[in-house]
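Visitor: My structure is below; once you've seen it, I'll send some questions.
Protein chains: 4
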Amino acid sequence: MARPITTKPASRRLPRDQRMAAILRAARDVLRDRGSEQFTTAEVAERCGTSEGTIYKYFPTRRDLLLQVAESWFEEFLAEDYPARTDGPIAEKLYHAIWWSLSIVRREPALTRLVLMELRADPGYRKMAVYDQNRIIVERVMRIVQEGQLSGAFRPELDIRLIRDMIFGAIEHQTWAYLRGEGNFSVDASAAGITEVVMRGIVTGSPPDDPLSSTVNRLERIALRMEKSLGGT
Amino acid sequence: MARPITTKPASRRLPRDQRMAAILRAARDVLRDRGSEQFTTAEVAERCGTSEGTIYKYFPTRRDLLLQVAESWFEEFLAEDYPARTDGPIAEKLYHAIWWSLSIVRREPALTRLVLMELRADPGYRKMAVYDQNRIIVERVMRIVQEGQLSGAFRPELDIRLIRDMIFGAIEHQTWAYLRGEGNFSVDASAAGITEVVMRGIVTGSPPDDPLSSTVNRLERIALRMEKSLGGT
Amino acid sequence: MARPITTKPASRRLPRDQRMAAILRAARDVLRDRGSEQFTTAEVAERCGTSEGTIYKYFPTRRDLLLQVAESWFEEFLAEDYPARTDGPIAEKLYHAIWWSLSIVRREPALTRLVLMELRADPGYRKMAVYDQNRIIVERVMRIVQEGQLSGAFRPELDIRLIRDMIFGAIEHQTWAYLRGEGNFSVDASAAGITEVVMRGIVTGSPPDDPLSSTVNRLERIALRMEKSLGGT
Amino acid sequence: MARPITTKPASRRLPRDQRMAAILRAARDVLRDRGSEQFTTAEVAERCGTSEGTIYKYFPTRRDLLLQVAESWFEEFLAEDYPARTDGPIAEKLYHAIWWSLSIVRREPALTRLVLMELRADPGYRKMAVYDQNRIIVERVMRIVQEGQLSGAFRPELDIRLIRDMIFGAIEHQTWAYLRGEGNFSVDASAAGITEVVMRGIVTGSPPDDPLSSTVNRLERIALRMEKSLGGT
DNA sequence: CATGAATGAGAGTTCATTCAT
DNA sequence: TATGAATGAACTCTCATTCAT
Chain A
17 MARPITTKPA
27 SRRLPRDQRM
37 AAILRAARDV
47 LRDRGSEQFT
57 TAEVAERCGT
67 SEGTIYKYFP
77 TRRDLLLQVA
87 ESWFEEFLAE
97 DYPARTDGPI
107 AEKLYHAIWW
117 SLSIVRREPA
127 LTRLVLMELR
137 ADPGYRKMAV
147 YDQNRIIVER
157 VMRIVQEGQL
167 SGAFRPELDI
177 RLIRDMIFGA
187 IEHQTWAYLR
197 GEGNFSVDAS
207 AAGITEVVMR
217 GIVTGSPPDD
227 PLSSTVNRLE
237 RIALRMEKSL
247 GGT
Chain B
17 MARPITTKPA
27 SRRLPRDQRM
37 AAILRAARDV
47 LRDRGSEQFT
57 TAEVAERCGT
67 SEGTIYKYFP
77 TRRDLLLQVA
87 ESWFEEFLAE
97 DYPARTDGPI
107 AEKLYHAIWW
117 SLSIVRREPA
127 LTRLVLMELR
137 ADPGYRKMAV
147 YDQNRIIVER
157 VMRIVQEGQL
167 SGAFRPELDI
177 RLIRDMIFGA
187 IEHQTWAYLR
197 GEGNFSVDAS
207 AAGITEVVMR
217 GIVTGSPPDD
227 PLSSTVNRLE
237 RIALRMEKSL
247 GGT
Chain C
17 MARPITTKPA
27 SRRLPRDQRM
37 AAILRAARDV
47 LRDRGSEQFT
57 TAEVAERCGT
67 SEGTIYKYFP
77 TRRDLLLQVA
87 ESWFEEFLAE
97 DYPARTDGPI
107 AEKLYHAIWW
117 SLSIVRREPA
127 LTRLVLMELR
137 ADPGYRKMAV
147 YDQNRIIVER
157 VMRIVQEGQL
167 SGAFRPELDI
177 RLIRDMIFGA
187 IEHQTWAYLR
197 GEGNFSVDAS
207 AAGITEVVMR
217 GIVTGSPPDD
227 PLSSTVNRLE
237 RIALRMEKSL
247 GGT
Chain D
17 MARPITTKPA
27 SRRLPRDQRM
37 AAILRAARDV
47 LRDRGSEQFT
57 TAEVAERCGT
67 SEGTIYKYFP
77 TRRDLLLQVA
87 ESWFEEFLAE
97 DYPARTDGPI
107 AEKLYHAIWW
117 SLSIVRREPA
127 LTRLVLMELR
137 ADPGYRKMAV
147 YDQNRIIVER
157 VMRIVQEGQL
167 SGAFRPELDI
177 RLIRDMIFGA
187 IEHQTWAYLR
197 GEGNFSVDAS
207 AAGITEVVMR
217 GIVTGSPPDD
227 PLSSTVNRLE
237 RIALRMEKSL
247 GGT
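Residue numbers (the working numbering), protein chains in the order written: chain A, 17 to 249; chain B, 17 to 249; chain C, 17 to 249; chain D, 17 to 249.
Structure follows, in structure tokens:
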């Protein structure tokens with residue numbers, strides 16, 4: 017008995033924060049492996065070497081635990097510094113923002129599935145923290161669209177929510193097979209495709225550049241500056 | 017005495033087809049009212065005046081029943097004669113096809129929810145009959161896109177699956193709130209918006225019909241904006 | 017293998033009524049032995065050789081089961097033909113009705129405890145079937161009091177509810193020790209005592225039936241007491 | 017920085033007595049608000065700013081805590097100086113003693129409920145301190161009855177325990193609705209009613225005074241004295 | 001003395017599925 | 001063919017009590 021073997025090394029009697037973190041970690045794993053329907057408190061308890069009772073000390077409800085898993089997961093993504101393109105042509109900025117959204121789906125399909133397929137269907141979705149977190153991601157794309165509308169690069173008469181739905185609808189559809197575990201997708205290619213179509217549409221003759229309308233462009237930029245200096249919202 | 021009172025008149029000893037139909041009908045109602053998570057065989061049995069045992073005679077599993085409900089439901093939609101626009105400008109044909117897809121969502125949110133949020137996430141989704149049925153609906157839209165590409169109206173270099181994802185992604189996103197029971201949407205407006213963006217994109221200067229009038233259009237929009245910014249919100 | 021031994025003789029696959037009856041019987045036993053707080057569905061299931069699931073087929077809730085036990089138990093008492101005295105002196109009729117109430121307590125202390133100590137404290141007590149059943153018992157006594165008031169034998173100015181509370185309060189108090197399992201009581205003696213006090217009160221000189229014979233009566237009682245005190249306990 | 021913020025000011029390291037008192041106070045509040053069934057050690061701990069562990073340092077068991085709450089509560093009532101009527105007509109003294117008992121119920125329904133409906137049913141009731149305390153209250157009424165019997169004002173042949181049960185049974189019955197939270201009652205009216213009925217009974221013609229039977233009364237008192245000197249129980 | 005993290009047994013309840021009748 | 005009584009495993013959640021710190 018030179019040295020007792022510590023079977024459960026860091027387990028018993030953890031401080032509050034660490035225990036919560038351990039539970040959340042285990043719960044995340046269970047969610048990833050089983051999906052929310054098969055997610056049981058019993059398995060979470062087993063995986064993190066605690067009892068179910070302990071879980072209920074920290075999370076009042078199975079549902080609460082599930083939501084907090086999603087939240088904390090999201091949090092991590094939002095904490096990453098998002099390397100937004102701040103200069104360069106707007107096309108590239110848009111591409112980059114879409115690319116980033118796609119990359120989240122790629123990196124965390126289980127989280128994406130949970131949010132998109134289970135939480136979003138919930139009548140209380142809009143009151144969840146996850147809803148707000150998701151909005152942040154969406155905003156990163158939409159800010160660029162808005163900027164484009166202001167600068168005259170994008171058609172200002174289009175409802176911005178429609179544009180949002182086209183972009184994120186496309187992102188989801190492009191990734192369903194992957195989320196289902198049946199296929200793969202290229203973040204680069206998808207981002208490029210979506211950017212292209214949402215910008216130029218599918219009609220023939222959409223000018224990729226349109227350098228000839230420079231005069232108008234100039235006029236437009238002047239107008240934009242005027243608007244800004246006049247103090248629009 | 018003289019004549020026994022028949023408590024359950026039309027139920028006992030139905031031929032196989034009728035019995036199955038009755039069960040499916042009841043199951044559909046339950047699904048509509050409760051959603052797939054709260055869908056219980058007990059309630060189905062009760063609603064169609066049979067026993068749970070009988071249900072299991074025809075459907076080996078709760079899950080099978082659920083799938084067949086979706087199938088038979090879809091079937092009905094596909095049996096409707098779909099009033100496809102076969103002539104007229106392609107823009108109108110596309111609009112019409114998108115409009116029809118949106119109208120299905122509108123008419124049967126419960127079915128839509130089931131398929132989009134629960135079955136689609138299933139690893140076996142592509143083997144389900146529902147998958148094929150859904151494809152038919154999608155095809156109706158895509159046929160027009162294909163036609164457009166062949167005729168030269170639409171850019172032939174674009175991947176048709178990308179276009180599909182943009183259209184149906186947008187359809188879903190535009191209807192989420194409605195599916196969640198939180199809001200409404202206009203079939204007409206959504207169809208128009210989606211058609212417009214998918215065709216012309218969001219970039220300024222996309223030539224509507226007559227590409228030469230674009231300069232004038234843009235000037236007009238600029239004027240509009242200036243007026244707005246001068247006139248305060 | 018001449019004859020297979022039937023281990024569980026009358027248990028499996030009982031018709032609805034019999035099964036319910038069996039559960040109620042077992043539940044009654046559990047209640048009698050354990051009291052309502054320790055009453056568990058598990059023990060009921062075990063005692064009647066079924067599963068808990070089966071119990072929940074017939075009784076939606078533990079609480080419902082408990083209430084139905086009380087109800088069915090009471091029912092049995094009310095179904096007994098109650099041998100009401102319809103003639104004779106009112107004193108005797110009253111005595112007899114009180115006697116009958118006491119005899120119920122005596123015969124079913126567990127039921128009495130349940131109703132008096134647990135259900136009666138419940139905010140919903142007045143909506144329970146048990147409340148109505150209990151009223152029937154009370155009514156049997158009160159009808160006689162009312163009759164006495166009408167005939168002029170009892171003081172008409174007294175609130176009948178007050179009289180009710182004195183009689184049934186006394187019944188309960190006289191039986192608490194017995195209900196707690198600590199003692200016994202004489203149905204006859206209690207009934208006689210309660211009747212006497214409620215009729216004549218405790219003030220000296222209350223005229224029995226024939227006011228002239230009171231002196232003799234009292235002397236008689238005095239003699240009785242003297243005899244007792246002289247002749248040991 | 018300069019001065020640490022004391023989150024829980026007066027809690028840590030209390031002397032034994034103060035700590036116990038604090039726990040009892042909190043426990044009483046919990047009992048009042050929740051009733052004994054919903055009474056949890058966790059809530060008690062939270063309300064007095066300690067931990068459950070500390071509670072178990074002082075009270076070996078949840079049950080013990082509950083009993084001590086009842087005891088200490090009762091103690092307070094008994095410590096109040098009870099303004100007994102020592103002179104005046106016996107009717108008034110009796111009325112006053114009953115009135116006081118009713119006033120306790122009125123002031124502390126939660127305590128009353130606990131004692132009457134939960135502790136009294138317990139097989140160990142007679143060994144509880146609460147039992148003795150309750151007896152003190154009862155004694156205050158019964159002393160007057162006894163006095164009345166000795167003085168010849170009350171019929172001496174009646175079992176005093178029967179009288180006790182009639183009085184306190186009536187008190188409880190008159191207050192059940194109030195204890196259940198469903199109604200109210202008038203202390204004055206109840207006391208008057210109970211006093212009246214217990215004294216004169218319900219039979220017509222009970223003489224409020226009856227001074228004429230004095231000879232018999234004298235005989236009775238003689239007998240009573242004889243009994244006592246002979247050594248009855 | 002005080003804590004509060006941890007427990008674990010057990011509660012009520014649900015429901016897809018089976019199978020004797 | 002049809003029944004519906006029966007199951008039992010699994011679920012979420014509760015809480016008095018313990019004990020290392």
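Idealized CB from N, CA, C, for every residue including glycine.
Within its chain, find whatever has a CB closer than 7 Å to the CB of Tyr141 of chain C; leave out the 5 residues flanking it on each side and keep chain order.
Guide: Counted from its first residue, the third sequence places residue 141 of chain C at position 125. Answer for Tyr141 of chain C: Leu135, Tyr147, listed in chain order.
Visitor: Taking just the CA atoms, how far does Arg156 of chain A sit from Thr102 of chain A?
Guide: Here residue 102 of chain A corresponds to residue number 86 of the first sequence, with the count starting at 1. Here residue 156 of chain A corresponds to residue number 140 of the first sequence, with the count starting at 1. Going by the C-alpha atoms only, they are around 12 Å apart.
Visitor: Gly15 of chain B and Ala186 of chain A: beta carbons closer than 7 Å?
Guide: No statement about residue 15 of chain B is possible, as the shown extent of chain B runs from 17 to 249 and does not include it.
Visitor: Counting contacts by CB-CB distance shorter than 7 Å, is Gly197 of chain D in contact with chain C?
Guide: Residue 197 of chain D sits at position 181 when you count from the first residue of the fourth sequence. So, interface residue.
Visitor: According to DSSP, is Phe55 of chain C helix, strand or coil?
Guide: For this step, residue 55 of chain C is matched to residue 39 along the third sequence. Three-state result, Phe55 of chain C: coil.
Visitor: Just reading off the alpha helix (DSSP H) that Tyr98 of chain A is part of, what are its end residues?
Guide: Within the first sequence, residue 98 of chain A is the residue found at index 82, counting from 1. Looking at the DSSP string, Tyr98 of chain A is not in any alpha helix (DSSP H), and its letter there is neither H nor E.
Visitor: Any Cβ of chain D within less than 7 Å of the Cβ of His189 of chain C?
Guide: The sequence position of residue 189 of chain C within the third sequence is 173, counting from 1. For His189 of chain C, the answer is yes, since a Cβ of chain D falls inside 7 Å of its Cβ.
Visitor: Does the count of Cβ pairs from the segment 110-119 of chain B and the segment 150-168 of chain B closer than 8 Å reach three?
Guide: These segments touch.
Visitor: Assign Gln54 of chain C to one of two classes, buried (16 or more other C-beta atoms within 10 Å of its C-beta) or exposed (fewer than that).
Guide: For this step, residue 54 of chain C is matched to residue 38 along the third sequence. Exposed.
Visitor: Can you say whether Ser167 of chain D is buried or exposed, counting buried as having 16 or more other CB atoms within 10 angstroms of its CB?
Guide: Stepping through the fourth sequence from its first residue, residue 167 of chain D is reached at position 151. With fewer than 16 other Cβ atoms within 10 Å, it is exposed.
Visitor: Use the C-beta contact count for Thr191 of chain D: other C-beta atoms within 10 angstroms, 16 or more gives buried, fewer gives exposed.
Guide: One-based indexing of the fourth sequence puts residue 191 of chain D at position 175. So Thr191 of chain D ends up on the buried side.
Visitor: Please list the residues of the segment 134-152 of chain B that have a C-beta atom closer than 8 Å to any C-beta atom in chain A, keeping them in chain order.
Guide: The residues in question are Glu134, Arg136, Ala137, Asp138, Pro139, Tyr141, Arg142.
Visitor: Can you tell which of A:Leu30, A:Val60, A:Thr56 has its C-alpha closest to the C-alpha of Ala42 of chain A?
Guide: Counting from 1 along the first sequence, the entry for residue 42 of chain A is found at position 26. Checked all of A:Leu30, A:Val60, A:Thr56; the closest Cα to Ala42 of chain A is A:Val60.
Visitor: If we call anything under 7 Å between Cβ atoms a contact, is Leu178 of chain C one with Gly217 of chain D?
Guide: Sequence index remark: in the third sequence, residue 178 of chain C carries index 162 (1-based). Sequence index remark: in the fourth sequence, residue 217 of chain D carries index 201 (1-based). The answer is no: Cβ separation not under 7 Å.
Visitor: Taking contact to mean 3 or more Cβ pairs, one atom from each stretch, closer than 8 Å, check whether the segment 30-44 of chain D and the segment 79-89 of chain D are in contact.
Guide: Enough Cβ pairs lie closer than 8 Å, so yes.
Visitor: Under a CB-based cut-off of 7 Å, is Ala113 of chain B close to chain A?
Guide: Within the second sequence, numbered from 1, the residue matching residue 113 of chain B stands at position 97. Ala113 of chain B does not count as touching chain A.
Visitor: Kindly give me the distance between the Cβ atoms of Ala126 of chain C and Leu47 of chain C, rounded to whole angstroms, as I take these residues to be in contact under 8 Å.
Guide: Against the third sequence, residue 126 of chain C aligns to sequence position 110. Against the third sequence, residue 47 of chain C aligns to sequence position 31. Confirmed, Cβ separation roughly 6 Å.
Visitor: Using 10 angstroms around the beta-carbon of Ile183 of chain B, count the other beta-carbons present and answer buried if the total reaches 16, otherwise exposed.
Guide: Counting from 1 along the second sequence, the entry for residue 183 of chain B is found at position 167. It is buried - the Cβ of Ile183 of chain B has at least 16 other Cβ atoms within 10 Å.
Visitor: Using C-beta distances below 8 Å, list every residue in its chain close to Thr70 of chain D, excluding the 5 sequence neighbours before and after it, in chain order.
Guide: Looking up residue 70 of chain D in the fourth sequence gives position 54. Within the same chain, Thr70 of chain D has close Cβ partners Arg35, Ile39, Ala61.
Visitor: Taking only runs that begin and end inside the segment 182-225 of chain A, name each unbroken alpha helix (DSSP H) of 4 or more residues, in chain order.
Guide: Listed in chain order, they are 203-216.
Visitor: Output needed in chain order: residues of the segment 165-188 of chain C with a Cβ under 9 Å from some Cβ in chain D.
Guide: For the segment 165-188 of chain C, which is checked against every Cβ of chain D, the residues closer than 9 Å are Gln165, Gly168, Ala169, Phe170, Arg171, Pro172, Leu174, Asp175, Arg177, Leu178, Ile179, Arg180, Asp181, Met182, Ile183, Phe184, Gly185, Ala186, Ile187, Glu188.
Visitor: List the residues of chain C that Trp192 of chain D touches, going by C-beta distances under 8 Å, in chain order.
Guide: Here residue 192 of chain D refers to the residue found at position 176 of the fourth sequence. Within 8 Å Cβ-Cβ: Arg136.
Visitor: By the 10 Å Cβ neighbour count, where 16 or more other Cβ atoms means buried, how is Asp181 of chain B classified, buried or exposed?
Guide: If you number the second sequence from 1, residue 181 of chain B lands on position 165. Under this definition Asp181 of chain B is a buried residue.
Visitor: Need the endpoints of the alpha helix (DSSP H) that Tyr147 of chain C sits in, please.
Guide: Your numbering for residue 147 of chain C matches position 131 in the third sequence. First-last of the alpha helix (DSSP H) with Tyr147 of chain C: 145-167.
Visitor: Report back the beta-carbon spacing between Arg122 of chain D and Val214 of chain D to the nearest angstrom; my notes put them in contact at under 8 Å.
Guide: Position 106 of the fourth sequence, counting from 1, holds the residue named residue 122 of chain D. Position 198 of the fourth sequence, counting from 1, holds the residue named residue 214 of chain D. Contact flag wrong, Cβ pair sits at about 20 Å.
Visitor: Look at the alpha carbon of Tyr194 of chain B and the alpha carbon of Leu118 of chain B, and state the distance between them as a whole number of angstroms.
Guide: Within the second sequence, residue 194 of chain B is the residue found at index 178, counting from 1. Within the second sequence, residue 118 of chain B is the residue found at index 102, counting from 1. Taking the straight line joining both Cα atoms gives about 12 Å.
Visitor: Would Thr66 of chain B be called buried (16 or more neighbouring beta carbons within 10 Å of its own) or exposed?
Guide: Counted from its first residue, the second sequence places residue 66 of chain B at position 50. With 16 or more Cβ atoms within 10 Å of its Cβ, Thr66 of chain B is classed as buried.
Visitor: Evaluate Glu188 of chain B with the Cβ neighbour count: other Cβ atoms within 10 Å of its Cβ, from every protein chain shown; 16 or more gives buried, anything less gives exposed.
Guide: In the second sequence, the residue the question calls residue 188 of chain B occupies position 172. When all chains shown are included, Glu188 of chain B counts as buried.
Visitor: From D:Met144, D:Ser52, D:Ile153, pick the residue whose C-alpha is nearest to that of Ile120 of chain D; which is it?
Guide: On the fourth sequence, residue 120 of chain D is found 104 positions in, with the first residue counted as 1. Ranking the options by Cα distance to Ile120 of chain D, first place goes to D:Ile153.
Visitor: For Leu174 of chain D, tell me which candidate among C:Ala58, C:Ala205, C:Asp97, C:Leu83 has the shortest Cα-Cα distance.
Guide: The residue labelled residue 174 of chain D in the question sits at position 158 within the fourth sequence. When only C-alpha atoms are compared, the closest one is C:Ala205.
Visitor: Please list the terminal residues of the continuous alpha helix (DSSP H) segment that includes Tyr111 of chain B.
Guide: Mapped onto the second sequence, residue 111 of chain B falls at position 95. Here the alpha helix (DSSP H) through Tyr111 of chain B covers 106-123.
Visitor: Which residues mark the beginning and the end of the alpha helix (DSSP H) in which Arg41 of chain A is found?
Guide: Counted from its first residue, the first sequence places residue 41 of chain A at position 25. Note, Arg41 of chain A: alpha helix (DSSP H), 32-50.
Visitor: Whole angstroms is fine: what's the gap from Asp45 of chain C's alpha carbon to Ala58 of chain C's?
Guide: Here residue 45 of chain C refers to the residue found at position 29 when the third sequence is read from its first residue. Here residue 58 of chain C refers to the residue found at position 42 when the third sequence is read from its first residue. Their backbone Cα atoms lie some 13 Å apart in a straight line.
Visitor: Mind listing the chain A neighbours of Arg156 of chain B? Cutoff is C-beta to C-beta under 9 Å, in chain order.
Guide: If you number the second sequence from 1, residue 156 of chain B lands on position 140. None at all; the shortest Cβ gap to chain A is about 17 Å.
Visitor: Start and end of the alpha helix (DSSP H) containing Tyr74 of chain B?
Guide: For the purposes of this step, residue 74 of chain B is taken as residue 58 along the second sequence, with counting starting at 1. Unbroken alpha helix (DSSP H) run through Tyr74 of chain B: 68-74.
Visitor: Is there at least one Cβ from chain A nearer than 7 Å to Val213 of chain B's Cβ?
Guide: For the purposes of this step, residue 213 of chain B is taken as the residue at position 197 of the second sequence. With 7 Å as the cut-off, Val213 of chain B counts as an interface residue toward chain A.
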